[in-house]
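Working notes for the structure below.
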Amino acid sequence: MSQAPTKPPPGFRKTSFEETAGLFDTGAPVTGAVANGDGIASTFGDGTVRFFHPSETSPAEVHAHNGVVLCCAAEGDHLLTGGDDGKFLRIAPDGTVNELANFGSKWVDCVAASNGLRACSSGRKAYIWTSGRSEATELEHSSTVGGLAFDAKGSRLAVAHYGGVTVWEQKKHRWKKSKLFWQGSHGAITFSPDGKFIVTAMQENALHGWRLRGKIDLAMTGYPSKAKSFAWVGETPYLATSGGYEAICWPFDGPQGPMERPPLCVGQHGENIATCVEAFPLLNAVFVGFQDGAVLVSELQETKDVMALRGPTGIEVTAIAINQPQSHLFVGDARGHSLWAPLKN
Amino acid sequence: MVGTEQVPVTVLTGFLGAGKTTLLNRILTEQHGHRYAVIVNEFGEEGIDNDLVVDADEEVFEMNNGCICCTVRGDLIRILSGLMKRADQLDAIIVETTGLADPAPVAQTFFVDDDVASRTKLDAIVTVADAVHLGAQLGEHHEAEEQIAFADVVLLNKTDLVDAAGLDSVETRIRKINPYAKIIRTTRCEAELNAVLGLDAFNLDRVMEFEPDFLESDHAHDHDDDITSISFVSETPLDIEKFQKWFGKLLQTRGQDILRSKGILNFSSTDDRYVFQGVHMLMDASTMGAWPEGKARNSRVVFIGRNLDSMGLKEGFESCKAA
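If you read the protein sequences in the order shown, they are chains E and R. Residues in the first sequence are numbered from 924 upward in steps of one, following the working numbering. Residues in the second sequence are numbered from 176 upward in steps of one, following the working numbering.
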């Protein structure tokens, strides 16, 4: 890995974030990033995992998968990853790799972890491991799993697939299922922080949500492209989403959630599509990464000024992650450029 | 965004036992340093010799866009997006469908999904047909007809097992369904690599190469389930508004029966050529620069589909002529 040339595009002055940032040219697309204790862990298209830590100028590199790292989730200071080599791995910050499962030529598309539970999916099946047990529980679905999410307590696992979502709930050591229907293909999935709503990103230009009580549908449409990235922000809370020309933030307070309410839209950057969002809880703000490489940060108020953290580079932002103390930020793009820098107020 | 090369995707169809795996292995052993990914289906025959084989479930789903026949392959959207995250650039991707698959959802995925269309492009649909059994299969399974109708190339395989008269008769059946596909006769799928890969058949540029075959354009057929083709030529320039109105309504109302359509048009209002090609209700169209010197400046269209006789195509096309 080499330090990349840090020339800003003509007409743009470097931001102070860019000036202090370590910029790394890894050569393989950044496929994901998550907070991982005091640092962050990022994953790459060549199978590499990199741990960035505030006290280190360069990341620790781990050669984890023989192929693309398709998905990741933090488990304490460890990282769970799934790859197109069919492996489900647990990686320690010191670089120790532990193979949890191997599905051969079938990809491991999704992983999730919560409160001692861990899960992955391969094809139509999701697998759940409860702490202390080496055998996984197999959960079968009617079609390929597109997304996995545990609720905050770790008592329910939501699985997105074609035609809707299956919610599995642990009752007396058995997993019982209930179904939520909506035509189309459902991918990335999330529970609201209070566990009352489920939202999926669809393979169309829309998100779909359900209020679990009464199984009420919430259609969130009108996006110019797919909303692949989302993050819960603030007390309300808002679900900030990519896929628009700014971060589209849906309010989830009150019993109805965003039903019949307009979203809050912040962080516009011309005619560029937002490709990645991340919460900045400390300032009740959201980081927004764009198709052209720019990264903005905006408080969740339409009247507030937007600050540019990084100017356009011409390369799509594919991952943004802030560490748990909210002191450092990671930005990764489709060509493998990674920025890691402290945040100044 | 910085422009990225679109990786060509070849769709390989054909009934079970026709020789898809033989063709795949032939392509893969002759790849000469090129890097290919192969997406196989869950019922695929064993023994594909490549280090990048991806298992897929053919998951066809309807889009929520109100377009009734607009089905896409969801698994393909997911897998192609995963392959595009690789550090190494692929030279081509080959998608093998199950024997009974309709090729339309695969093709439509490239029209409908922006992520797929921005990073990959549909190169061609290659159909492997068993010279011995195709005749019977065409009568029994509508999928066999669709696979021939959608094909840019038909590899008529196992020709050593059929006599010359038999081969001519099966080729006539193919021509009746699809007069524009290139037919390659083989015994063990021994086609040249450049006859099946890198064809760029869905590029609008290539549409201009087609010359309708007048002899074939008005043939009779046995019953309404049959897929046939029909083509028209007009020396009189067309009116763009009349054409768009007629053609838009045609695809909207009869798109389910029109499997493929393409054309090059001479509009009275412009000196540029206008080219289109479509799969069912979806189409791709663009102006393609001025007409070349010394070439006939006429409009040519072709339709491949079912019940074409009932669509008033000839009258519709005639009514688009500029006054």
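Ideal Cβ placement from N, Cα and C applies to all residues, glycine included.
Check: Quick one: which chain R residues come within Cβ less than 8 Å of Lys-1029/E?; Outcome: Asp-230
Check: Return helix, strand or coil for Glu-315/R, following the three-state DSSP convention.; Outcome: helix
Check: Is Ile-963/E closer than 8 Å to Phe-975/E when the C-beta atoms are compared?; Outcome: yes
Check: I believe Thr-1060/E touches Arg-1047/E by the beta-carbon criterion, under 8 Å. Please report the beta-carbon distance rounded to the nearest angstrom.; Outcome: With a Cβ gap of about 15 Å, Thr-1060/E and Arg-1047/E do not count as contacting.
Check: Sort out for me which residues DSSP pairs Lys-496/R with in a bridge.; Outcome: Leu-413/R
Check: Along the segment 240-266 of chain R, what residues have a CB closer than 9 Å to any CB found in chain E?; Outcome: Asn-240, Val-247, Gly-249, Asp-250, Ile-252, Arg-253, Ile-254, Gly-257, Leu-258, Met-259, Lys-260, Arg-261, Ala-262, Asp-263
Check: Identify, in the order they occur along the chain, each residue of the same chain with its Cβ nearer than 7 Å to the Cβ of Ala-958/E, setting aside the five sequence neighbours on each side.; Outcome: Ala-997, Ala-1244, Ile-1245, Asn-1246, Gln-1247
Check: What span of residues does the alpha helix (DSSP H) with Thr-980/E cover, start to end?; Outcome: Unbroken run through Thr-980/E: none, as it is neither H nor E.
Check: In angstroms, rounded to a whole number, what distance separates the CA positions of His-1260/E and Val-953/E?; Outcome: 8 Å
Check: Can you look up Lys-1010/E in the DSSP assignment and give me helix, strand or coil?; Outcome: strand
Check: Which stretch, first to last residue, makes up the beta strand (DSSP E) that contains Gln-1093/E?; Outcome: 1079-1094
Check: Which same chain residues end up closer than 6 Å to Phe-389/R when comparing Cβ atoms and leaving out the 5 residues on each side of it in sequence?; Outcome: Reliability of the predicted coordinates at Phe-389/R is poor, the pLDDT of 43 falling under 50, and the value obtained from them is presented with this limitation in mind. For Phe-389/R, where only same-chain residues beyond five positions count, there are no Cβ hits under 6 Å.
Check: State yes or no: is the C-beta of Thr-966/E within less than 8 Å of the C-beta of Gly-955/E?; Outcome: yes
Check: Measuring alpha carbon to alpha carbon, tell me which residue in Ala-319/R, Leu-342/R, Val-303/R, Leu-258/R is nearest Tyr-211/R.; Outcome: Leu-258/R
Check: Any C-beta of chain R sitting closer than 8 Å to the C-beta of Glu-1194/E?; Outcome: no
Check: Thinking C-beta only, is Phe-236/R closer than 8 Å to Ser-1221/E?; Outcome: no
Check: What residues in its chain sit with their C-beta under 8 Å from that of Val-1082/E, if we drop five residues either side in the sequence?; Outcome: Ser-1044, Ala-1049, Leu-1062, His-1064, Val-1068, Gly-1070, Leu-1071, Val-1088, Thr-1089, Val-1090, Trp-1091, Ile-1112
Check: Note down, in chain order, all residues in the segment 352-386 of chain R with a beta-carbon under 8 Å from any beta-carbon belonging to chain E.; Outcome: none
Check: For a contact meaning CB atoms closer than 7 Å, what does Ser-1108/E contact in chain R?; Outcome: Phe-236, Gly-249
Check: Taking 7 Å as the cut-off, does the CB of Ser-485/R come closer than this to any heavy atom belonging to the ligand GTP?; Outcome: Here there are no bound small molecules, and the ligand GTP is not part of this structure.
Check: Where do the N-terminal and C-terminal ends of the beta strand (DSSP E) with Val-307/R fall, by residue?; Outcome: Run containing Val-307/R: none; DSSP gives neither H nor E here.
Check: With a cut-off of 8 Å, does the C-beta of Ser-1044/E fall near any C-beta of chain R?; Outcome: no
Check: Between Gly-990/E, Phe-1213/E, Ser-1250/E, which lies nearest to Leu-1205/E when the distance is taken from Cα to Cα?; Outcome: Ser-1250/E
Check: One question on the structure: do Tyr-1146/E and Leu-1187/E come within less than 8 Å of each other, judged by their Cβ atoms?; Outcome: no
Check: Would you please state the rounded distance, in angstroms, between the beta carbons of Ile-268/R and Thr-295/R? I believe it to be under 8 Å.; Outcome: 7 Å
Check: Which two residues bound the contiguous beta strand (DSSP E) that contains Glu-346/R?; Outcome: Not the beta strand (DSSP E): Glu-346/R falls in the alpha helix (DSSP H), residues 339-352.
Check: Going by alpha carbons, who is nearest to Lys-1138/E out of Ser-1152/E, Gln-1179/E, Asn-1128/E?; Outcome: Gln-1179/E
Check: Could you run through the segment 991-1014 of chain E and flag, in chain order, every residue whose CB is less than 7 Å away from some CB of chain R?; Outcome: Val-991, Leu-993, Asp-1007
Check: What separation, rounded to the nearest whole angstrom, lies between the Cα atoms of Pro-183/R and Val-247/R?; Outcome: 18 Å
Check: Roughly how many whole angstroms lie between the Cα atoms of Glu-391/R and Gln-1126/E?; Outcome: With a pLDDT of 44 at Glu-391/R, under the threshold of 50, the modelled position of this residue cannot be trusted, and the question is left open.
Check: What's the C-alpha gap between Lys-470/R and Arg-448/R?; Outcome: 12 Å
Check: Pull up the CB-CB distance for Ala-1075/E and Gly-1118/E, whole angstroms please, since I reckon it's below 8 Å.; Outcome: 6 Å
Check: Please state if the CB of Leu-1232/E and the CB of Ala-1208/E are separated by a distance shorter than 8 Å.; Outcome: no
Check: So the candidates are Lys-1149/E, Ile-1171/E, Glu-1194/E; which of them puts its Cα closest to the Cα of Arg-1184/E?; Outcome: Ile-1171/E
Check: Specify, as a first and last residue, the run of the beta strand (DSSP E) that Arg-475/R falls within.; Outcome: 474-481
Check: Would you mind working out which of Thr-273/R, Gly-310/R, Val-281/R sits nearest Gly-249/R, comparing C-alpha positions?; Outcome: Val-281/R
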